[in-house]
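Okay, so the sequence shown: first residue is 10 according to the numbering used here, each after it adds one.
Ideal Cβ placement from N, Cα and C applies to all residues, glycine included.
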Amino acid sequence: MPKLLLVFILLLAGSVANASTVVLVTSSQKMVAISNGDDRSWAVNEDFCIIQDEQEIACGKVVKTKDRAAFGRIDTRTSQIKKGATVEYRETATAKEEQRFFIRTEANPHEWFNLADLTISSHWQGIGLNIQQSILPNFSMSIMPTVIFRQQTSLGQIDGFAIYLGINYYGSYLYSGFWAQMGAGLSLYRGYVGANTERKTSPIAHTTLGWRWRFGSGFNFALAGGVQWFLFNRLDNFDLGFSGVLPIVIADVGWVF
């Protein structure tokens, strides 16, 4: 009997040692990295719960997988998640809070790119298409072609077209909460002073701060403000009378897929 008991203890210890555990948790406690256990390789959209000090303290859903680990989004939490906590599969997560955030239901073949956000952005007297693609749990890259509507400067008018490459940071997790954006690109604009017209190509940059609201259907919208900066703010033949710095107010409506 003692020998059988010893074998049982060793088997139990082995299973615990190789169980799925939390290997990384973000400072916001919204995302975790989960190791694959000997008996489980996680799949996208599976539910899980985190066990700590023999109590269930958090539940969520797997949103991305890799060879040795998975990334999970936390939907509910009653205590601070610690590295090394045990993670268990659930048929249905026992979290009682309504799951308000939509995550795609299929794995993406690209290792680091699994979410996208397609938005139409209304810049200050302009409109653009902001296509974002995740690269990390709180960061995405974006490409944004933008039409600049005709607007008045102190001595004339300006309109044109711009295209940006940018980086986006979200304080909660992707496409939710505090939103900071920085971008740079090229602007092809035209200046008008009286009957005179001149075209100019200029490097352009912008930075904005705002907030994004995201709902269970995948619909999201954001409000943000900031500035955009033209390197070349003067035309060759006449003065537009503008400093090269313009304000931006963004009303951004999109869909996560």
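Residue environment, residue i, which counts as buried when at least 16 other CB atoms sit within 10 Å
| i | result |
| --- | --- |
| MET159 | The displayed chain sequence assigns Arg, not Met, to residue 159. By the 10 Å Cβ count, ARG159 comes out exposed. |
| GLY169 | buried |
| LEU145 | exposed |
| ASP47 | exposed |
| SER252 | exposed |
| GLN38 | exposed |
| ASN269 | This structure leaves residue 269 out entirely; the chain is present only between 10 and 266. |
| SER226 | exposed |
| LEU174 | exposed |
| VAL34 | buried |
| LYS70 | buried |
Limits of the unbroken beta strand (DSSP E) element including residue i
| i | result |
| --- | --- |
| GLY137 | 135-145 |
| ILE83 | 78-86 |
| ILE90 | First-last for ILE90: undefined, no H or E at that position. |
| GLN160 | 148-161 |
| GLN166 | 166-179 |
| GLY263 | 254-265 |
| ALA42 | 40-44 |
Contact belief for residue i with residue j at Cβ below 8 angstroms, rounded distance in angstroms
| i | j | result |
| --- | --- | --- |
| ALA78 | ALA42 | 5 angstroms |
Check whether residue i and residue j have beta carbons under 8 angstroms apart
| i | j | result |
| --- | --- | --- |
| ILE213 | GLY194 | yes |
| ASN229 | TRP222 | yes |
| ALA233 | TRP188 | yes |
| ARG82 | VAL72 | yes |
| LYS91 | VAL32 | no |
| ALA268 | SER196 | This structure cannot settle anything about residue 268, because the visible part of the chain is limited to 10 through 266. |
| ILE176 | MET191 | yes |
| LYS209 | LEU183 | no |
| LEU240 | SER211 | yes |
For residue i, three-class secondary structure by DSSP
| i | result |
| --- | --- |
| GLY203 | coil |
| GLU63 | coil |
| ARG208 | strand |
| ARG243 | coil |
| GLY227 | coil |
| VAL31 | strand |
| LEU183 | coil |
| GLU100 | coil |
| LYS75 | coil |
| TRP222 | strand |
| SER196 | strand |
| ALA214 | strand |
| ASP56 | strand |
| ALA189 | strand |
| ALA94 | coil |
| TRP51 | coil |
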